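Undergrad: One structure is given below, represented as structure tokens, and several questions about it will come after.
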Amino acid sequence: MQHPLSGTATNTVPEPSITLEEQSIMKSGQDKKTSRIPSTTSKKSKLNDLRVFLSAWLSSPLRTGANAPSSRFLARAMVAAAKTSPDTKVIELGPGTGIFTEALLNAGVKEENLTLIELNPDFRKLLSQRYPKVRIIDEDAFSFLSHLAKGKAKNEDYTIISGLPLLVFSKKKRIQMRKDSLDIIGKTGKVVQFTYGPKSPIPLDSSIEAQSSKRIWINIPPAVVWCYKTPGAKH
Ligand SMILES: C[S@@+](CC[C@H](N)C(=O)[O-])C[C@H]1O[C@@H](n2cnc3c(N)ncnc32)[C@H](O)[C@@H]1O
Numbered sequence: 020m021q022h023p024l025s026g027t028a029t030n031t032v033p034e035p036s037i038t039l040e041e042q043s044i045m046k047s048g049q050d051k052k053t054s055r056i057p058s059t060t061s062k063k064s065k066l067n068d069l070r071v072f073l074s075a076w077l078s079s080p081l082r083t084g085a086n087a088p089s090s091r092f093l094a095r096a097m098v099a100a101a102k103t104s105p106d107t108k109v110i111e112l113g114p115g116t117g118i119f120t121e122a123l124l125n126a127g128v129k130e131e132n133l134t135l136i137e138l139n140p141d142f143r144k145l146l147s148q149r150y151p152k153v154r155i156i157d158e159d160a161f162s163f164l165s166h167l168a169k170g171k172a173k174n175e176d177y178t179i180i181s182g183l184p185l186l187v188f189s190k191k192k193r194i195q196m197r198k199d200s201l202d203i204i205g206k207t208g209k210v211v212q213f214t215y216g217p218k219s220p221i222p223l224d225s226s227i228e229a230q231s232s233k234r235i236w237i238n239i240p241p242a243v244v245w246c247y248k249t250p251g252a253k254h
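Take any residue in the sequence shown, count from 1 to its spot, add 19: that is its number in this note's numbering.
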């Protein structure tokens, strides 16, 4: 039987909101000095992130998938869709320069509950300097998911935040990712993935429940956030 939500895009993923701090940054063009300034938003870090990103894109455009990091608006929408608690165990695939990582930590996810999977050594170096307590793994994200799915302890549900440029990978690979992810997220976790494309980057069928956000036009390029879970999962 086809699950009612499979294959459909229901707009229930929370939209990103703009905080007072960001309104002020947008007006003044400068970050305010607060006690919790996201480290990816200082002017110097931002320029450095852009430089590292651009050089990754020039040397490997397909795998990097974009020539600049995602916006904080997209980061906030990704994290809002994940609805994490401090105890949620999160796996982030393709963190790049860490814009989603920062948003996850700001949302209260504990550093020891966060694992980053990144193939690019320059991104890994930057991330390990910025987040020394976060586990960073040099492995292909698809192999990592397969290994984890095979060895997963039954009572541990993870949430997966993915910045992978999924559409450059074969449909077969994305279907395998769907299967492995469902094993990993169990009954309480989620998979959150963005796309610049018009439909779900993870192929849909009755094994998975999917919801999408409205297009986030303020991100360049505009993106849609998809949130996936096991059918019948409570939240
Ligand atoms: C579009 S960028 C997204 C970066 C960041 N999440 C953001 O939104 O700014 C894609 C990221 O996925 C990484 N990546 C691509 N293929 C990968 C793979 N098979 N395994 C692990 N990381 C991969 C790239 O190195 C890059 O950091």
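Backbone N, C-alpha and C define an ideal beta-carbon position, used for all residues, glycine too.
These numbers come from a predicted model, not from an experiment.
For the putative contact between Leu185 and Thr214, defined by C-beta atoms under 8 Å, what is the C-beta separation to the nearest angstrom?
TA: 7 Å
Undergrad: Could you work out which residue in Ser232, Asp68, Glu137, Ile203 is closest to Ser165 when comparing CA atoms only?
TA: Ile203
Undergrad: Mapping the DSSP letters down to three states, classify Val128 as helix, strand or coil.
TA: coil
Undergrad: Taking the beta carbon of Asn86 as the centre, do at least 16 other beta carbons fall within 10 Å, making it buried, or is it exposed?
TA: exposed
Undergrad: From the DSSP output, which residues share a beta bridge with Gln212?
TA: Ser181, Trp245
Undergrad: Residues bridged to Thr134 by DSSP?
TA: DSSP lists Ile110, Arg154 as partners of Thr134.
Undergrad: Say the cut is 7 Å; is the CB of Pro184 nearer than that to a heavy atom of ligand 1?
TA: yes
Undergrad: By alpha-carbon positions, which one of Ile136, Gly182, Glu158, Thr107 ends up nearest to Trp245?
TA: Of the candidates Ile136, Gly182, Glu158, Thr107, the one whose C-alpha sits nearest the C-alpha of Trp245 is Gly182.
Undergrad: Can you find the residues in the same chain that come closer than 8 Å, C-beta to C-beta, to Ser74, ignoring five residues on each side of it along the sequence?
TA: Asp141
Undergrad: Give me the DSSP bridge partner(s) of Ala229.
TA: Tyr247
Undergrad: Can you tell me whether Lys209 is buried or exposed? The criterion is at least 16 other CB atoms within 10 Å of its CB, across all chains shown.
TA: buried
Undergrad: For ligand 2, any of its heavy atoms closer than 7 Å to the Cβ of Ser104?
TA: As far as ligands go, the structure on display features ligand 1 and does not contain ligand 2.
Undergrad: Identify every residue that forms a DSSP beta bridge with Ile235.
TA: Ala242
Undergrad: Given the structure, does Ile137 come close to ligand 1, in the sense that its CB is under 7 Å from one of the ligand's heavy atoms?
TA: It should be noted that the sequence gives Glu, not Ile, for residue 137. Correct: Glu137 has its Cβ closer than 7 Å to ligand 1.
Undergrad: In terms of residues, what are the limits of the alpha helix (DSSP H) holding Pro217?
TA: For Pro217, no alpha helix (DSSP H) segment is defined, and its DSSP state is neither H nor E.
Undergrad: What span of residues does the alpha helix (DSSP H) with Asn86 cover, start to end?
TA: For Asn86, there is no enclosing alpha helix (DSSP H), as DSSP marks it with neither H nor E.
Undergrad: For Gly84, I'd like the list of residues in its chain whose CB is within less than 6 Å of its CB, leaving aside the five on either flank, ordered along the chain.
TA: For Gly84, where only same-chain residues beyond five positions count, the Cβ hits under 6 Å are Pro184.
Undergrad: Where does Gly117 sit, in a helix, a strand or coil, going by DSSP?
TA: Secondary structure of Gly117 (DSSP, three-state): coil.
Undergrad: Please classify Leu66 as buried or exposed, where buried requires at least 16 other C-beta atoms within 10 Å of its C-beta.
TA: Exposed, by the Cβ-count rule.
Undergrad: Is the shortest distance between the beta-carbon of Phe142 and the beta-carbons of chain D less than 8 Å?
TA: No chain D appears in this structure, which consists of one protein chain only.
Undergrad: Candidates Ala101, Lys62, Asn132: which alpha carbon is nearest Arg154's?
TA: Asn132
Undergrad: At what residues does the alpha helix (DSSP H) containing Ala160 begin and finish?
TA: 160 to 170
Undergrad: Please identify the residue among Ser219, Pro241, Phe188, Ile194 whose C-alpha is closest to the C-alpha of Arg82.
TA: Selected option, being the one with the closest Cα: Phe188.
Undergrad: Between which two residues does the alpha helix (DSSP H) containing Asn67 stretch?
TA: 62 to 78
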